[in-house]
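2 protein chains.
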Amino acid sequence: MASGSPERQLPVTARTRHRRLREQGSLDRDRLDAIPDAGFVCHLGVTVDGDLLVVPTVYGTDGSTLYFHGSVASRSLVASPTATVCVTVTHVDGLVLARSVFEHGVNYRSAMIFGTPRPVTDPDEKLAGLRCPTEQATPGQWDYARRPDRRELAATALLALRLDEASVKIRTGAPDDGDSEDTRLGLWAGVLPLRATWGELEPDPLLPAGVEAPAHLTKRVGTAAN
Amino acid sequence: MASGSPERQLPVTARTRHRRLREQGSLDRDRLDAIPDAGFVCHLGVTVDGDLLVVPTVYGTDGSTLYFHGSVASRSLVASPTATVCVTVTHVDGLVLARSVFEHGVNYRSAMIFGTPRPVTDPDEKLAGLRCPTEQATPGQWDYARRPDRRELAATALLALRLDEASVKIRTGAPDDGDSEDTRLGLWAGVLPLRATWGELEPDPLLPAGVEAPAHLTKRVGTAAN
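Same order as they appear, the protein sequences are chains E and H.
Residue numbering for the first sequence is 0 to 225, as defined by numbering that gives the first Met the number 0.
Residue numbering for the second sequence is 0 to 225, as defined by numbering that gives the first Met the number 0.
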């Protein structure tokens with residue numbers, strides 16, 4: 000996999016060295032950024048009271064930092080600032096259907112990010128940080144909806160994780176057994192792509208008649224989601 | 000959330016007790032089964048050499064057991080049998096767009112499964128277990144493609160995790176602030192659904208002319224993927 004310029008490379012650490020399937024690995028900074036940028040739900044791995052938990056969590060990024068948030072009562076969020084966490088973002092792009100079961104696989108883009116999150120407590124920084132997940136999931140919504148007030152800010156835990164130590168894996172394209180003996184079997188082989196798209200808006204049943212959806216929402220309908 | 004009959008309930012443990020957002024939690028066995036059944040990529044949380052890793056991993060289930068596999072050289076798979084793991088399956092169904100940013104959220108179905116995986120070493124059991132991920136991702140493919148031979152079986156690590164200890168969380172429907180003061184803002188509110196669908200088949204460029212895709216693949220094109 001082609002690499003970017005040296006200054007855009009992520010450092011190699013014990014956790015991010017690619018031991019296997021090296022062709023799928025990358026430490027390219029731009030490739031890393033593209034993966035969290037394309038999503039809004041990560042899987043947060045954290046140890047709480049000795050239990051390893053993997054918790055689906057909403058996040059947003061600002062290029063150098065990943066922000067994730069939740070209730071201040073959340074076990075996983077309260078434990079995170081004292082623990083090293085692993086945050087993984089994965090996009091599944093399709094099934095790789097080879098001639099042999101052994102060569103079957105998945106086309107995907109995945110980033111594993113390691114670090115110790117920092118709790119964001121300053122109200123101004125918290126407000127700026129909370130904008131990231133909202134705008135990443137729904138561009139335009141931060142300016143449209145009512146922003147968090149003081150009470151809501153206090154009830155929200157926001158954590159900041161630097162995008163400094165990460166491992167990126169990407170698989171694209173056709174199966175790998177197109178030049179193997181198995182081609183003699185005469186079987187079809189290729190990729191069944193998986194598409195994530197935004198569906199038709201579903202208005203809240205409690206919405207009064209005549210309230211139209213804003214353009215920043217209607218224009219997303221039918222578009223790709225990752 | 001409505002519960003099933005008592006004999007279909009999962010046990011409550013320290014890890015699976017729902018502490019927050021209780022209305023979204025369920026220990027209903029049928030609800031648990033439905034979530035892994037609808038997917039084929041989980042996030043495997045495991046501690047390897049002191050490092051917590053969250054690894055996207057292909058899996059399949061047979062109702063009582065979740066099977067996941069990979070290279071025998073994989074760090075996360077080799078460590079798994081000696082460690083308690085957390086396997087999380089998540090389906091993101093849409094964005095919940097409320098009047099206030101604070102009430103924004105995600106409609107989702109998620110299962111966190113805890114346990115210590117068992118390595119499957121018996122060749123017959125391994126072959127039966129490997130069928131699960133293949134058939135779950137692509138029904139019909141196990142009978143169509145060439146099955147693993149002895150050498151391929153030896154190169155594949157297969158782990159079995161009982162679906163005995165798990166926590167299920169589901170959110171569906173409209174935003175929760177339809178009866179709040181924020182309705183006076185006159186803002187649109189509702190859900191932007193996220194749809195996962197199978198795209199058009201992409202034949203391997205190395206495929207000879209005249210090899211048609213089998214019906215078990217062509218019939219999936221355009222259908223829902225979770």
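Beta carbons are placed, not taken as given, at the ideal position from N, Cα and C, and that holds for glycine.
{"query": "Less than 8 Å between the CB atoms is what I'm expecting for H:V210 and H:G93, so what's the real figure, rounded?", "result": "Not really, about 38 Å apart at Cβ, beyond 8 Å."}
{"query": "Anything in chain H within Cβ reach of E:Q140, meaning under 9 Å, just list it in chain order.", "result": "L94, L96, V100 and H103"}
{"query": "Can H:A159 and E:R98 be called in contact, C-beta distance under 8 Å?", "result": "no"}
{"query": "E:G177 to E:E151, Cα distance in whole Å?", "result": "56 Å"}
{"query": "Just the C-alpha distance for E:G128 and E:Y66, rounded to the nearest angstrom, thanks.", "result": "6 Å"}
{"query": "At the level of alpha carbons, what is the spacing between E:G44 and E:I112?", "result": "10 Å"}
{"query": "Quick check: is the beta carbon of E:E22 nearer than 8 Å to any beta carbon in chain H?", "result": "Any reading at E:E22 must be qualified, since the residue scores a pLDDT of 47, below 50, and its modelled position is unreliable; no value is offered."}
{"query": "Taking H:V88 and H:S75 to be in contact with their CB atoms under 8 Å, please state how far apart those CB atoms are, rounded to whole angstroms.", "result": "Between H:S75 and H:V88 the Cβ distance is about 16 Å, and since that is not below 8 Å, they are no contact."}
{"query": "Smallest Cα separation from H:F39: which of E:L205, E:T64, E:K218 and E:L193?", "result": "E:L193"}
{"query": "For E:A214, which residues in the same chain have their Cβ closer than 7 Å to its Cβ, ignoring the five residues on either side in sequence?", "result": "none"}
{"query": "Could you name the residues of chain H that E:G198 contacts, counting a contact when the two beta carbons are closer than 8 Å?", "result": "G93, L191, P192, L193 and R194"}
{"query": "Just the Cα atoms here: how many angstroms apart are E:R21 and E:V167?", "result": "Annotation note: pLDDT 43 at E:R21 (below 50); position unreliable, no value reported."}
{"query": "May I have a chain-ordered list of the alpha helix (DSSP H) segments no shorter than 4 residues that lie completely inside the segment 144–216 of chain E?", "result": "149–153"}
{"query": "So, does the CB of E:T133 fall closer than 8 Å to a CB anywhere in chain H?", "result": "yes"}
{"query": "Under 9 Å between beta-carbons, which chain E residues line up against H:R30? List them in chain order, please.", "result": "Neighbours of H:R30 on chain E: none; closest Cβ ~16 Å, over 9 Å."}
{"query": "Kindly identify the DSSP beta-bridge partner or partners of H:Q8.", "result": "H:D27"}
{"query": "Can you check whether the CB of H:Q135 is closer than 8 Å to the CB of H:G59?", "result": "yes"}
{"query": "Applying the criterion that 16 or more other CB atoms from any shown protein chain within 10 Å of the CB defines a buried residue, is H:S109 buried or exposed?", "result": "buried"}
{"query": "What residues are listed by DSSP as bridge partners for H:H42?", "result": "H:P55 and H:T87"}
{"query": "Give me the residue from H:T171, H:S179 and H:P132 with the minimum Cα distance to H:A156.", "result": "H:P132"}
{"query": "Looking at the unbroken beta strand (DSSP E) that takes in E:R108, where does it start and where does it end?", "result": "G104 to G114"}
{"query": "According to DSSP, is H:G139 helix, strand or coil?", "result": "coil"}
{"query": "Starting from H:A212, find everything on chain E with Cβ-Cβ shorter than 8 Å and list it in chain order.", "result": "W187 and G189"}
{"query": "Along chain H, in chain order, which residues have C-beta atoms closer than 8 Å to that of E:L52?", "result": "R14, G44, C85 and M111"}
{"query": "Return the residues of the segment 163–189 of chain E that lie within a Cβ-Cβ distance of less than 8 Å from chain H, sorted by chain order.", "result": "A173, P174, G177, D178, D181, T182, L184, G185, L186, W187, A188 and G189"}
{"query": "Taking 8 Å as the threshold (C-beta atoms), are E:T83 and E:T115 in contact?", "result": "yes"}
{"query": "I want to verify the contact list: residues of chain E whose CB lies under 8 Å from the CB of H:T89, in sequence order.", "result": "V40, H42 and P55"}
{"query": "Between the C-alpha atoms of E:N225 and H:E199, what's the straight-line distance to the nearest angstrom?", "result": "17 Å"}
{"query": "Alpha carbon to alpha carbon, what distance is there between H:G104 and H:W141?", "result": "39 Å"}
{"query": "What's the gap between the Cα of E:T222 and the Cα of H:P122?", "result": "46 Å"}
{"query": "Out of E:T137, E:D50 and E:A33, state which residue places its alpha-carbon closest to the alpha-carbon of E:I169.", "result": "E:A33"}
{"query": "Could one say the Cβ of H:R161 lies closer than 8 Å to chain E's Cβ atoms, at least one of them?", "result": "no"}
{"query": "Quick one: is H:A208 buried, meaning 16 or more other Cβ sit within 10 Å of its Cβ, or exposed?", "result": "exposed"}
{"query": "Output the distance between the C-alpha atoms of H:P10 and H:R28, rounded to the nearest integer angstrom.", "result": "10 Å"}
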